[in-house]
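Engineer: So the sequence shown is numbered by my numbering: it starts at 366 and just counts up by one. The structure under discussion is supplied below as structure tokens; questions concerning it will follow.
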Amino acid sequence: MSDFCGPPALDLDAIESRVVDATEGPWVCDTTRDHDGIGWAYVRMPDDGARPRVDARLYDCEFIAHARQDVPTLVSEVRRLREILQEKVLGYD
């Protein structure tokens, strides 16, 4: 299917490839405090074990954690809508 609509920089194949390569979800935003009482937010992944974590502000952490579930849903919806547009509105097969 041609990318005839939407911003030219929206490369659904590249986005979807990053989704496939990423650690399975769901990801979780978690918080902790160090020995000085300073709070940290980080993304925890399934089977976290020794995996590196992403330290971030809480709202950024929530965004990053939800991206694992949101991005595949959004890519699927964009593809579905593009197909409808192509078939129904523009009359392409």
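Virtual Cβ for every residue (Gly too), placed ideally from N, Cα, C. On a predicted model such as this, the values are computed, not experimentally measured, just so you know.
Based on Cα-Cα distance, which residue from 439, 441, 423 and 442 lies nearest to residue 397?
Structural biologist: 423
Engineer: Going straight from the alpha carbon of residue 432 to that of residue 387, what length do you get?
Structural biologist: Taking the straight line from one Cα to the other gives about 11 Å.
Engineer: Between the alpha carbons of residue 407 and residue 446, how many angstroms are there, rounded?
Structural biologist: If you take the alpha carbons of residue 407 and residue 446, they lie about 34 Å apart.
Engineer: Go ahead and label residue 379 buried or exposed: buried means 16 or more other beta carbons lie within 10 angstroms of its beta carbon, across all protein chains shown.
Structural biologist: exposed
Engineer: Which residues bound the alpha helix (DSSP H) around residue 430?
Structural biologist: 423-449
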